[in-house]
Each structure stands twice: as C-alpha cells, then as structure tokens.
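Colleague:
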Amino acid sequence: MRHDNRAATAPWIRTRLRTAPGAAAALAVLVLVTAFLAAAFPRAVDAYETKGLRHDILSADGSRSVLEVARPQPGLELPQAERDAEARSPELTRVGAGLVKALPAPLRADTSSVAYGVRTTKPALADEPWLPRPDAIPPRLSYVAQSGLKDHATLASGAWPTTPREVTSDSREVQGAVTEETAAALKVKVGATVELLTAAQEPITVTITGIVSPRDPRGGYWSADPLLRTPSLVPDPEAPFPVYYWTGTVLLAEDAGPALLSTATEPVLFWRIPPDPAGLTGPDGAGLTSVIASLESGPGLLKVRETAGETAVFATGLGHVVEANARMRDAISPVIAVAALGIGSVAAVVLLMTGALIAARRRSELALMRSRGGSLRGIGGRLLAETAVTVLPATALGLLLAVLAVGEGRWWPGALAAAGVGLLVCVALPLRTTLQHIRPLLHGAREDMVSARPSRRRTVAELTLLVLAVGAVTALRRRGTSSEGGTDLLVSAAPVLVALIAALVLVRLYPLPLRLATRPMARLRGAIGFLSLARAGRSSAGGALPLLALLLALATAAFGGSVIAGIGDARDDAALASVGADARISGVSERTTLPDGLVRTVRDLDGVRGAAPMRIEHSVALPEAVAGDGGANGDGAGTDTSTGTGSGSAEDVGAAAMVGVDPARYAELARATGLPAFPAARLKATGPSAPLPEGTGSGPERVLPAIASPAVAARLGKEPQALDTLSGNFKVQVVGTTPRVASVSTTNFLIVNSAALEQRAPTTLLLTGAPDPGKLHAAVEGSGKEYAVQLRSEERARYVNTPMQAGAERIYLAAVAAGAGYALLAVLLSLLQTAPERKTLLARLRTMGLTTGQGRRLLAFEATPQALLAAGGGLFTGWATIALLSPGVDLVPLALAGVAGSDTSPVLLRTDLWSLALPAAGVVALAAAVAGVQAWWASRRGSITELRAGDSR
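Just add 1080 to the spot in the sequence shown (first one is 1) and you have the working numbering.
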C-alpha cells in the first residue's frame, strides 16, 4: 500500500478569503457600486438620447414629420380607363405598400396611419350662398379622396360617403363629408351640396352625407394637412387691402378620386407615411439625417420613383426635426462629459486608494514571503487570482444591475466601462503591491510630511500638469464646451485638471502651517496639541492621493450642483421676464383697457401684496436720431448708461414701446421682482407735466420726463422730442436709463408717468404676491372674455423637461450624489489606512496615564488639519472651477431649449453655495465622527490586546 507522506496544503485563495472576509466583501461592494455607475452612465446617455429623439418626432406636427410622396395626375395621353385606374384604391394601395417596404433603415413607417389618395392642390371657389363670407369673399375649398377615413374618425351625424357606382372622370355626382370644426365654421349641414367645376366648366355636385369627428386630431392622419380637420380664415393675397376668406377641405369617398382628374384644381396622387419612432435609438439620428437627404435628392429618390413613377417627388420636414434634436444633443453632451470625467476620475482615485490600503495592511506579510524566496511573478499571480475571484463577479453583477436599471441603451459601452473598472482593480492592486517589494524592505526613518522635500521629478510632473490645466481652461473660456469636432475631452477634463493641480499645490503647502503651529505647541505644558500636530505631519492620510480624491469629488459635486441650480434659476428668470411679475392681467388685444372695477377687485384679493397698473403701447414711432448727442444723463440710482442691453445703435431704433406707470407702485414692483432699482422721483408729475384733468387734451408742447432704454435714450438725445401716441401728443425728455422694464419683452422702450397722459386707462395690471389662481381667474372672467390672466407659476410650468433635458439633469443629480459619496469614502479610507497606528498610539499613551477624554481630543485634533485642508481646498477648487469655466458653459440647451417664445440669451453657470458647502461640511463631520468612534472603541479594549510582544507598530 502506497502512503503519501506530503503535508496537506490549503488552497491560497480560499485561505485568504477566509482570513479576511470583511476586506474582500468591502472591496466587492465598492467594485460593484463603481461598476454599476460606470455601466449605467453610457446606458443612461443612450436612454435619454433615444427618448429625446422619439419624443421630438412624436411631438412634432404631422405637417413636419410625415413623409409624403406625390406625383401629378396621369398624363392626358393615356387612355381614360388607365388614368382612372391609377387614381383608384387598388393601384394606390399597391404603390403605398411598395413605398413602405422600400423605406431604408432606420426609417420605419407607422402602418396604422398610412394614407393615400387623390387631392387638389389649387383650392376651388365655392359660390353657394349659404357659405359664410366674412369680407364678402366666398370661401375656397380643397377636395381629397383619402383612404382610411372610417378607421381614423367617428361618424357624428349622417352617413359615411360612399361610391354607389364606379366613379370615373366623367362622373358628375360624388359624396363627401366634413369634420365637426369645418361644419361649425362653414355652416355645413348633412345633405348640403357644393359644386366643383371641371376644366370644361361642367359642375360636379358634391353631396355632404356626413359629419365626422377625428379619433386622434393630433395624429399623423389628420395633422399632415391641418385643413383636413380645421378650416382657416386666411387673407386674400390679391386684394389691395387686408380682407379674409374661409378655406377648408371636403373629404370625398375613398374611390371618388377619378372625379377630381377632370377638374382644373391641379390634382395629384399622394401617399402620406407617418414615421414610427418606436424602434429608433439615439445613435440613429445621424443615419436618419443621411437617409432623409437621400430620399429628398439622392439614390433614395430614384428608388421611390421606381415604385411611384418617374415624376414622383419626396417631401418631409422630418430632417429639420432630427437636426434640431442633434443640435440639442451636441450642446448637452460636452456639459455631460464634464460630470462623467469628474466622477470617473474620483472613482479611479478611490479604487487606487483602496488598493493602497490593502497593500499597506499586507505589507509585512508579502515582505516575509519575499524574504523566503517568493518571486515577484508568483506573488503577483497569486494577488491577481485572489483579486479576480472577488472583483470579476462583482463587476459582472454591477453590469447586470445597470442593464436592469436602465432598460434602453447599447450594451457594449456599458460593458466596456464595467470591464475597465474590473481591469483597473485587478491590475492596479497586484501591481502596486508587488512593485513595493522589488527590493528587500528595511525599517527606516518614519515618513514625515513636515520635513520631506519634493524631488525634481515631482516638480517637473507638477509643472507639466499645470501647463495642461491652464491650456484646457484657456480653451474652454475661449470657445465654450462644444467644438466643431464634437466633445473635446481635454476641455471637458478641465475641472479634473484644476482639482489635480490644487491637490498637488496644497500637499506642498500643507507642511508650512504645521511647521508654524508646531513650535508654539511645543512650548505649551499639555502634550495633546503637540502630539496631534506631530501625528498629522507624519500621517499618510494627508498624502496627495487622498487629497486628490476629495478635491475631485468636491469640485465635481459643486459643478453638478451649480448646473442643477443654474437650470432652475434660468427657468425662474425666464418666467419672470415673460410675465413681468407673479401675475399679469391684460386685454386680449393691444388696445383693450382694464376697467377700474376689475383693478379694484383684483387688488383686494387675498394674497395680493402689490398691484401696478400699466399702460403699454407697442411700436410708437420715434423721431430721427439726434446727431452728436450722447443720450440722457443717466447718473443716479437705478439708472444704467450702458448700451449693452439695447437692440442696436440709435439709428437702428425706429420704434419703441411706451409704458405709462404709477412711479411709486412700479418702484415697489421692481424691488419685489428683482428688477433694477427704479428712480420714481425722476418721473414726478409737476409743473408742465402735472396730471391733466379728466377730458382735457394734452398740447404738443407739453414735455414729460421719461426713463428709456439705452438705445432709445441715445436716439432721443437730451433735448425734448415730440411723440404721437394713442395716449396723446406730447414731447418727452429722457432723464435716465434702465436696461429692463417689467412685462415688455423688447429692449427698446421708454417709461413715462401715466398720470400725465391724456389717455391713462391701464392695459396691463401686474400683481405681486401669491393670489389664489382659481379666484383670480374667476374675478377676471367675471369682467368679460376680452381679458386674460397669465401666472408666473403657470409660465414656469411651461419649462417642463423634455426627455433629453430630464435625462441630463438626472445625470447631474447622480454626479452630485456620487461625488459626495466618494468624497466621504475617501475620508473614510484615508482614516482607515492609519487606524492601526492610532489604536496602538492610544494604547501606549494610556499606559502613561492618558485619559479617555484626552485620547478623543488627540484623535480629533489629529484628523482636523487634514479635514480642514480637504474641506477648504474643496471649497476653493469648486469655486475656482466654476468661476473659470462659467464663461464657456451655456445652460440654455438644458434649461430653456424647446420652449416656444422663451428667452434664448446665454445662461451662464453660477456658483451654488449649498453645493459647495454641504459636501465640504460632510467631510469635516465624517472625519470628526470617525475619530470619535475610533477613540471610543479603543477605550473599550485593553492595552494588552493592542500591545503584543514583537509588534513593530
């Protein structure tokens, strides 16, 4: 019998995991979270870009997004039967199916809303006496024989139009229908008839058999041509003065198209194909642009003509929708890249700190293995296998969670990002650990940051990074975050480089205050202060790597928080600029004045703090510019003599808005809404400008003081200038300037005292406070339908997030949270790295009579310099980063893009104090809490437990 006398050996990986399960679990959790964030970021970007593209296509009007193929009617040289056959449903259906099938990827059709048929392109005059004639001009109607009417409408009254017998070009009777809106506007009833003349002036009688209601009025079927559902009152372009007539559409039976071929209305065959964005993704935008260009005038158009005929044309506005989406995406992507690079850098540094902590804990163990003949390859291989067993499953699980959490998005960018996290940890930890043991390690002098001197290599490396950071920040300030070639990674990494330079500079400056503070502390009787400063100078927790992690995290959190705050502030400012106050009441038309009863009723409502009546006249003609006159003397409070906010030079300002105000009430409104201070005293109505008695006309020589915009003030000059207005004829003399006025969007205006006007009835009432919206609407509606209410809160609600904007905001919120979390984790790791030394120190000092309270103060004082350095440096770095980068960052795409009528002037990044202060305060609080907990825990353990024979700590 054979006996194996070799000693049994336990597997290395299993032994190590059993020896330190807590460290392995902590590393796995850190890698899991980091891999999840790394994989979720590109998927989140893909998701909001995909949703944004689909949203823009779905929300666009059908007249812009629908793909339309049209060709003229069949040629007159063809037999009549062949011409009629081409205008009937079977042939139109065959061609439509071929067009849908031939659409190139990624363009896909919404087959449920595809429509085809025959329509007129030249409206026909309708002389029926019962049709409305607003300016004695008869309406002009279009006719369309379109498929799918029963599928996209419900019958409100009457019957569906049909073709009792086959309709040909010779048919003179057809049936039709109109929508409810068309019937109401044109007074059409079931059974009414309309005559449509042929080219030979023979009447075709169109009998209205039914009135229909669209199932989805905003869908592609009805919105591709708005006249299908809604008639319109349009001006007559041939009339010498403005007159209007009605235009609308009559829906013929589906197979009644051949009857239109005999008319002189220039009929065409058409196929309308709404796009289906359900299968589109964000990266498909470039492909869509290329495909649409090909269909409009390229190889795609040739394929369309092979199916629809040689004379077919392709038209759509979908390309403009996709291009607008691409512009927003290109504007948002560079700003998002700043957050991505910042958080990615923080995560990488924290992972390296984790590797440094593990290497420090196992330094003695590996030194012993090296001294007993262990090779670097063998030690590194075992560390790699040990790390991979923990890291790779955590990486895979993080990727899986990211895929589950963010359902839409390409898988490979997230997989590469997660794999990068796993590779960094698997390689960095063994590499860092083994490189420390290339040579045998001997116990030498203690590391002391106070007495250490930087090497030449470190100086050169720091200067190189300084040059890179200055170059990146300079480029960002000059051209902004976007560039013609896409996202510039160097520019987007400018906050990271700024934080890196700040960390290296602070590490160099850190010993200086410690040296200055150590000398007076050494003269004191107590030992706590001196010991804490000495420990702070020798602690590795104050090294470059921990400080870099903290500064990166705090700077990124401050940048992200300032972006979020800037978006909210921009939307608040835009809503205030649009409304003028918390609420505005005005007439539907410009000349409608508000009755005194309405003003009193609204002013007495609960929640109204102030009311400022205003009389606004737009487009008041200004006299010729005064040559050589520099404008009004704008010194004094509340004036601004700069012309930077004007809309051009004095010669370019031909008209302005005149605003009549009560100076005292408007000054209160300006203070309440944050407008520039208004010099009410300058508009005081005295002397020649005193208030006029009721019914008294103002003379042309009457001179009123006015506050004007800079451009208007430059045009009017310092001398009185005559104005002809609806409020009277008078002269104005500019006595000051202001850059803005409430409730007026134009930058060319002048403000006068309404009490000095001949016609002083207000046209607008601005309110401050928080009135009840329901009561305010009820009070205004009770005075008539010619008055409208606009609330600042309702205007603010218009700036809702599109999917792309909402996704970008969520990423920045995640960046703020992740930055704060990694900052706190960096503090914890740096303190854990020196925890064994501190516990041993406390044990030794307790044997010398150190009390528990003194031990807590010692640890707290030791952690204070590093915490204050990180917090102060983080505050300064975050503030400096925002101050340096704000001129190149425009938040309009994130805040106001996509809202019609919103102010599109640049919205610059501003520092948010909460985003700066909260993470920095959290760093100090966590450092103090960890020190306190560690001192409390050490006091519960005996000195014998910490001090063992042979311990070198």
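Built from N, CA and C at the ideal position, the CB exists for glycine as well.
Note that this is a predicted model, so its numbers are computed, not measured.
(1) With H, G and I counted as helix, E and B as strand and the rest as coil, what does DSSP make of A1525?
(2) Alpha carbon to alpha carbon, how far is P1785 from A1712? Give it in angstroms, no decimals.
(3) Between V1149, Y1867, V1111, which lies nearest to L1472 when the distance is taken from Cα to Cα?
(4) Is the distance from the Cβ of A1508 to the Cβ of G1494 below 9 Å?
(5) If we ignore side chains and look at the alpha-carbon of each, how far apart do A1579 and L1631 end up?
(6) Go through the stretch 1239-1277 residue by residue and report every complete run of the alpha helix (DSSP H) that reaches 4 residues or more, in order.
(7) Looking at A1189: is its Cβ nearer than 9 Å to the Cβ of P1354?
(8) Straight-line CA distance for P1283 to T1387?
(9) Can you confirm whether the stretch 1206-1221 touches the stretch 1325-1343 when touching is taken to mean that 3 or more C-beta pairs between the two stretches lie within less than 8 Å?
(10) Using the C-alpha atoms, what's the distance from S1825 back to R1872?
(11) Report the residue ranges of all alpha helix (DSSP H) runs contained in full by the stretch 1154-1205; include only those spanning at least 4 residues, in chain order.
(12) Let's test the definition: count the other Cβ atoms within 10 Å of the Cβ of Q1153 and tell me whether it reaches 16, buried, or not, exposed.
(13) Is it buried or exposed, I1518, if we count other Cβ atoms within 10 angstroms and call 16 or more buried?
(14) Could you check if S1145 is buried or exposed, using at least 16 other CB atoms within 10 Å of its CB as the buried criterion?
(15) Report, in whole angstroms, the separation of the C-beta atoms of M1433 and P1626, which I expect to be a contact under 8 Å.
(16) Hey, would you say G1132 sits closer than 9 Å to P1883, going by beta carbons?
(17) Counting only runs that start and end within the stretch 1907-1987, where is the alpha helix (DSSP H) found for 4 or more residues in a row?
(18) Jot down the residue ranges of each uninterrupted beta strand (DSSP E) in the stretch 1364-1442, minimum 3 residues, whole runs only, in chain order.
(19) Taking the beta strand (DSSP E) that G1849 belongs to, which residues open and close that run?
(20) Under 9 Å, do M1694 and T1848 count as touching if we go by C-beta distance?
(21) Check the DSSP bridge columns for L1589 and list the partner residues they point to.
(22) Can you tell me whether A1439 is buried or exposed? The criterion is at least 16 other CB atoms within 10 Å of its CB, across all chains shown.
(23) Could you give the C-beta distance for G1337 and A1167, rounded to a whole number, given that I count them as a contact under 8 Å?
(24) Nearest-angstrom Cα distance between A1691 and S1823?
(25) Find the nearest neighbour of I1831 within the set Q1839, V1815, A1841, judged by alpha-carbon distance.
(26) Here's the rule I'm using: 16 or more other beta-carbon atoms within 10 Å means buried, otherwise exposed. How should A1373 be labelled?
(27) For a test of the three-state rule: what should DSSP assign to P1152, helix, strand or coil?
(28) Using DSSP's beta-bridge definition, name the partner residues of V1739.
(29) Quick one: what does DSSP say Y1879 is sitting in, helix, strand or coil?
(30) Could you check which residue in L1147, T1470, A1428 has the C-alpha nearest to that of R1094?
(31) In the DSSP output, what is A1355 paired with across the bridge?
(32) Less than 9 Å between the C-beta atoms of G1478 and T1114, yes or no?
(33) Taking its Cβ as the centre, do 16 or more other Cβ atoms sit within 10 Å of G2006, making it buried, or is it exposed?
(34) Identify, in the order they occur along the chain, each residue of the same chain with its Cβ nearer than 8 Å to the Cβ of T1725, setting aside the five sequence neighbours on each side.
(35) Using a Cβ-Cβ cut-off of 8 Å (strictly less than) and excluding sequence neighbours within five positions of G1299, which residues of its own chain qualify?
(36) Kindly indicate which three-state DSSP category A1760 falls into: helix, strand or coil?
Modeller: A quick look at the data gives this:
(1) Summary for A1525: the model assigns pLDDT 48, below 50, so the residue's position carries little reliability; its value from the coordinates is reported in the next sentence. Correct three-state label for A1525: coil.
(2) For A1712, the pLDDT reaches just 48, beneath the cut-off of 50, and the residue's location in the model is therefore unreliable, leaving the point undetermined.
(3) Cα-wise, what sits closest to L1472 is V1111.
(4) Not in contact: A1508 and G1494 (Cβ atoms no closer than 9 Å).
(5) When the Cα atoms are used, A1579 and L1631 turn out to be separated by approximately 6 Å.
(6) Unbroken alpha helix (DSSP H) stretches of 4 residues or longer found wholly inside the stretch 1239-1277: 1260-1266, given in chain order.
(7) P1354 is positioned such that its CB atom lies closer than 9 Å to that of A1189.
(8) Distance between the alpha carbons of P1283 and T1387: 34 Å.
(9) Verdict: yes, contact present.
(10) Using only the alpha carbons, I get a separation of about 15 Å.
(11) The qualifying runs are 1160-1166, 1169-1182.
(12) Counting of Cβ neighbours within 10 angstroms places Q1153 among the buried residues, the total reaching 16 or more.
(13) Exposed, because fewer than 16 other Cβ atoms sit within 10 Å of the Cβ of I1518.
(14) Buried, since its Cβ has 16 or more Cβ neighbours within 10 Å.
(15) So it is a contact: roughly 6 Å between Cβ atoms.
(16) Result yes, Cβ atoms of G1132 and P1883 sit closer than 9 Å.
(17) Unbroken alpha helix (DSSP H) stretches of 4 residues or longer found wholly inside the stretch 1907-1987: 1915-1927, 1932-1965, 1972-1975, given in chain order.
(18) Listed in chain order, they are 1393-1395.
(19) That run of the beta strand (DSSP E) goes 1844-1849.
(20) No, these two residues do not count as a Cβ contact at 9 Å.
(21) Note: L1589 sits in no beta bridge, so no partner.
(22) Its Cβ being crowded by 16 or more others within 10 Å, A1439 is buried.
(23) Confirmed, about 4 Å.
(24) In a straight line, the C-alpha of A1691 is about 13 Å away from that of S1823.
(25) Among Q1839, V1815, A1841, the Cα nearest to that of I1831 belongs to V1815.
(26) Exposed: under 16 other Cβ atoms inside 10 Å.
(27) The answer is strand: DSSP assigns P1152 an E or B state.
(28) Checking the DSSP bridge columns, you'll see V1739 partnered with I1696, I1831.
(29) In this structure, Y1879 counts as coil in the three-state DSSP scheme.
(30) When only C-alpha atoms are compared, the closest one is T1470.
(31) Note that residue 1355 corresponds to Pro in the displayed sequence, not to Ala. In the DSSP output, where bridge partners are listed per residue, P1355 has A1189.
(32) Contact: yes.
(33) Just to set this straight, residue 2006 is Leu in the shown sequence, not Gly. Here L2006 is buried. Its C-beta has 16 or more other C-beta atoms within 10 Å.
(34) Since pLDDT at T1725 reaches only 38, below the 50 mark, its modelled position is unreliable, and no value is offered.
(35) Here the set comprises G1142, S1193, H1232, P1354.
(36) Annotated three-state conformation of A1760 is helix, per DSSP.
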